[in-house]
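Please read the structure below before turning to the comments.
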Amino acid sequence: MRSYAARRAVNVVMLSVTAFCAAAALFSLFFVLGYIAWRGLGALSWAFLTRLPKPAGEAGGGIANSIVDSAKLVALAGAIGIPVGVLGGVYLAEFGGGRLGALVRFCADVLNGVPSIVVGLFAYALIVVPMKGFSGLAGSVALAVIMIPIVLRNTEEFVRLVPHALREAGLALGVPRWKVVLRIVIPSAARGIVTGSLLALSRAAGETAPLIFTAFGNRYWDSGFLQPMAALPLTIYTYAISPYDDLHRQAWAAAAVLMIFVLAINATTRLALRTQAMEAR
Amino acid sequence: MEVRGLRAGYGSNEVLKGVTARFLEKAVTAIIGPSGCGKSTLVRCLNRMHETAPGTTMSGQVVLYGRDVLSLDPVVLRRHVGMVFQRPNPFPNMSIFDNVASGLVLNGIAGGRSELEGRVEASLRQASLWDEVKDRLRRSALGLSGGQQQRLCIARALAVSPNVLLLDEPCSALDPIATARIEELVLELKKQLTIVIVTHNMQQAARVSDFTAFMLLGELVEFSATGTIFTKPSDKRTEDYVTGRFG
Ligand SMILES: Nc1ncnc2c1ncn2[C@@H]1O[C@H](COP(=O)(O)OP(=O)(O)OP(=O)(O)O)[C@@H](O)[C@H]1O
Ligand SMILES: [Mg+2]
Numbered sequence: 001m002r003s004y005a006a007r008r009a010v011n012v013v014m015l016s017v018t019a020f021c022a023a024a025a026l027f028s029l030f031f032v033l034g035y036i037a038w039r040g041l042g043a044l045s046w047a048f049l050t051r052l053p054k055p056a057g058e059a060g061g062g063i064a065n066s067i068v069d070s071a072k073l074v075a076l077a078g079a080i081g082i083p084v085g086v087l088g089g090v091y092l093a094e095f096g097g098g099r100l101g102a103l104v105r106f107c108a109d110v111l112n113g114v115p116s117i118v119v120g121l122f123a124y125a126l127i128v129v130p131m132k133g134f135s136g137l138a139g140s141v142a143l144a145v146i147m148i149p150i151v152l153r154n155t156e157e158f159v160r161l162v163p164h165a166l167r168e169a170g171l172a173l174g175v176p177r178w179k180v181v182l183r184i185v186i187p188s189a190a191r192g193i194v195t196g197s198l199l200a201l202s203r204a205a206g207e208t209a210p211l212i213f214t215a216f217g218n219r220y221w222d223s224g225f226l227q228p229m230a231a232l233p234l235t236i237y238t239y240a241i242s243p244y245d246d247l248h249r250q251a252w253a254a255a256a257v258l259m260i261f262v263l264a265i266n267a268t269t270r271l272a273l274r275t276q277a278m279e280a281r
Numbered sequence: 001m002e003v004r005g006l007r008a009g010y011g012s013n014e015v016l017k018g019v020t021a022r023f024l025e026k027a028v029t030a031i032i033g034p035s036g037c038g039k040s041t042l043v044r045c046l047n048r049m050h051e052t053a054p055g056t057t058m059s060g061q062v063v064l065y066g067r068d069v070l071s072l073d074p075v076v077l078r079r080h081v082g083m084v085f086q087r088p089n090p091f092p093n094m095s096i097f098d099n100v101a102s103g104l105v106l107n108g109i110a111g112g113r114s115e116l117e118g119r120v121e122a123s124l125r126q127a128s129l130w131d132e133v134k135d136r137l138r139r140s141a142l143g144l145s146g147g148q149q150q151r152l153c154i155a156r157a158l159a160v161s162p163n164v165l166l167l168d169e170p171c172s173a174l175d176p177i178a179t180a181r182i183e184e185l186v187l188e189l190k191k192q193l194t195i196v197i198v199t200h201n202m203q204q205a206a207r208v209s210d211f212t213a214f215m216l217l218g219e220l221v222e223f224s225a226t227g228t229i230f231t232k233p234s235d236k237r238t239e240d241y242v243t244g245r246f247g
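In order, the protein sequences belong to chains A and B.
For the first sequence, position 179 matches number 179 in our numbering, and the numbering has no gaps at all.
For the second sequence, position 146 matches number 146 in our numbering, and the numbering has no gaps at all.
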């Protein structure tokens, strides 16, 4: 047996290592946030948020279309991906004990690991090629494909967490199984399902790769989902690789807008869940 | 309500080995016996909750008002045979009012708003909970104490007007005062419906029941009037169990 002093020394070393790693993780988050705020917030202005981009090489202009289009892309992606993910997750948790369930679960996990650029390629082959043109629709479908496995597995976890006793209570009242799931199980898991869906939305809002050859990007207002559409991550990408200093500045500002977008989704989720939890008391 | 030659199990493990018993109308029947002897399995067969778990088996007859309920739709059967579980299980996402109304609302048998309110109040009064909750019907059911939650679950079961009420160790998570209230309630309720109560507490069985069934290893050893079981049981094993000499 080692001496007490030696064990204490090991304890101190391990504690410092874990504390250091925790601090490093936190530091990189704050570094990213702080750096983007520093570089981006300065370039933010009302005009930047409300104007269209200027022709290449000219200073000024804004990203109004990217902001609106990003919101539209993500909204449509959510409208496709969330119902599929939530209902699929409920199926897995409630009825997915058999072979089919295991298969779906496996596929969802594989899909979750597929690089997002490959998902973009899939939407390209599925929609862009047959419809002969880049479109917001293709971009939303690609984002939806990215959201589905996240929402699905998250929903499954939370539905599984609903105590078995609640299902039994419902069944014992003579309520049919499907109604027990719909009216008792899903509402009990709603907080987790909503959180997971919103987090998937914010993940989709930040994706660039799947949009490159689907939504493609657009410097003007689009007129519907069948045309190329702008998106904040795409705009950041194009501006950042351009040779103009002014566009680099705008890329930082757009990055700050995107960060605020994503943080806002996260914060509202948490806030909404907290007030709901407090009302439930 | 009656069972004849009831066999039930989980997979290849047969838990009930041919149980025949008759639960008299408007009387309380207690089921006693050591842990694992199949008491819960028996009551869960009465409202066919047993078959909701995967891999369960069940055969024999369960008779309610002269009809074999194994041929009925289990969903309909469960509206006639209500159940209260060992641990209070109110719906956490619903208010007190909605919990009691849930059976009526989810089964689509609620009339108008005022009829619903009337039935909720009546059920809460039957469960002697009305006075404690009438000012906070809209609050979450999770704000109630364990004993209140259990009475809420009884009210929820009563709201759909069952003919039989199954209670599986309803007091095992409760303190003596809450237990006493539930026992009073059982004595009150038996004027209106048939009650089957599983209990580990001999005094409780003696206090509330008219008949007692003693089970051992999946078999019904003795079934008689409660007084007889506790004073002059005819089977040696019953005597050992009720006098506490049993392992
Ligand atoms: N879900 C299940 N799967 C497999 N076996 C089970 C299951 N539930 C119960 N059993 C088995 O069935 C037997 C009877 O269980 P049951 O719950 O009916 O006993 P009980 O008399 O209610 O016991 P207790 O007094 O502890 O509640 C036990 O041996 C138990 O191991
Ligand atoms: Mg039991």
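All residues carry an ideal CB built from backbone N, CA and C; glycine is no exception.
Looking at the structure shown, is residue i part of a helix, part of a strand, or coil, going by DSSP?
i	result
I109/B	coil
R22/B	strand
Q61/B	strand
L158/B	helix
I63/A	coil
M83/B	strand
D175/B	coil
I197/B	strand
G5/B	strand
E219/B	strand
K179/A	helix
D222/A	coil
Y10/B	strand
T212/B	strand
L44/A	coil
R44/B	helix
T228/B	helix
I146/A	helix
R281/A	Note on R281/A: pLDDT 48, under 50, position unreliable in the model; the coordinate value appears next. Three-state result, R281/A: coil.
Go through its chain and collect everything with a Cβ distance to residue i's Cβ below 8 Å, but skip five positions before and after it.
i	result
N266/A	L198, L199, S202
S66/A	A230, A231, L232, L234, T235, A254
T238/B	F214, V221, E222, I229
Could you give the distance in angstroms between the alpha-carbon of residue i and the alpha-carbon of residue j?
i	j	result
L77/B	S12/B	27 Å
G146/B	F85/B	13 Å
F216/A	V68/A	15 Å
Y4/A	L29/A	38 Å
A128/A	F225/A	Looking at the sequence itself, residue 128/A is Val, so the reference to Ala does not match. When rounded, the distance between both Cα atoms is 12 Å.
A254/A	M229/A	16 Å
L166/B	S188/A	25 Å
Y244/A	F122/A	33 Å
V162/A	A213/B	35 Å
A9/A	V17/A	12 Å
E222/B	T41/B	17 Å
V69/B	K17/B	19 Å
Q192/B	L76/A	56 Å
T268/A	M259/A	14 Å
A240/A	A251/A	6 Å
E51/B	A8/B	9 Å
G136/A	A71/A	11 Å
Considering only the alpha carbon of each residue, which of the options lies closest to residue i?
i	options	result
S172/B	P88/B, L42/B, A30/B	P88/B
G40/A	L273/A, A209/A, R249/A	R249/A
A144/A	K72/A, L271/A, I80/A	I80/A
V28/B	A206/B, R67/B, R181/B, R48/B	A206/B
F158/A	F106/A, A47/A, T235/A, G89/A	G89/A
N154/A	M131/A, C21/A, P130/A, A108/A	A108/A
A272/A	Y237/A, I193/A, A204/A, L211/A	I193/A
V114/A	A205/A, R183/A, A209/A	A209/A
R191/A	L137/A, R274/A, A23/A	R274/A
T214/A	Y237/A, W38/A, A142/A	A142/A
Below 7 Å CB to CB, which residues in the same chain sit around residue i once its five sequence neighbours on both sides are set aside?
i	result
N99/B	P90, F91, A141, L152, R156
R119/B	L104, A159
G61/A	R51, L52, P53, K54
E169/B	Q86, V198, T199, H200
Within its chain, find whatever has a CB closer than 6 Å to the CB of residue i; leave out the 5 residues flanking it on each side and keep chain order.
i	result
E156/A	G89, L92, A93
P74/B	R48
Would residue i pass as an interface residue toward chain E - the criterion being a Cβ-Cβ separation below 8 Å?
i	result
F85/B	No chain E is present in this structure, whose protein chains are A and B.
*Could you please tell me which residues of the segment 173-185 of chain A, in chain order, have their CB closer than 9 Å to any CB of chain B?*
Listed in sequence order: L173, G174, V175, P176, R177, K179, V180, R183, I184.
*Using a Cβ-Cβ cut-off of less than 8 Å, give me the residues of the segment 99-112 of chain B that come near chain A, in sequence order.*
The segment 99-112 of chain B vs chain A, Cβ under 8 Å: S102, G103, L106, N107.
*Which residues, taken in chain order from the segment 8-28 of chain A, show a beta carbon closer than 9 Å to some beta carbon of chain B?*
The segment 8-28 of chain A vs chain B, Cβ under 9 Å: nothing.
*For the segment 155-166 of chain A, which residues have a CB atom closer than 7 Å to at least one CB atom of chain B, in sequence order?*
Of all residues in the segment 155-166 of chain A, A165, L166 have a Cβ within less than 7 Å of some Cβ in chain B.
*chain B contacts made by the segment 33-58 of chain A, where a contact means CB separation under 8 Å*: Flagged: no residues at all.
*Which of the residues in the segment 183-206 of chain A, read from start to end, lie with their CB under 8 Å from any CB of chain B?*
Shown in chain order are the members of the segment 183-206 of chain A whose Cβ falls below 8 Å from a Cβ of chain B: R183, I184, P187, S188, A190.
*With 8 Å as the C-beta to C-beta threshold (strictly closer), list the residues of the segment 47-69 of chain B near chain A in chain order.*
Along the segment 47-69 of chain B, the positions whose C-beta sits under 8 Å from a C-beta of chain A are N47, M49, T52, P54, read in chain order.
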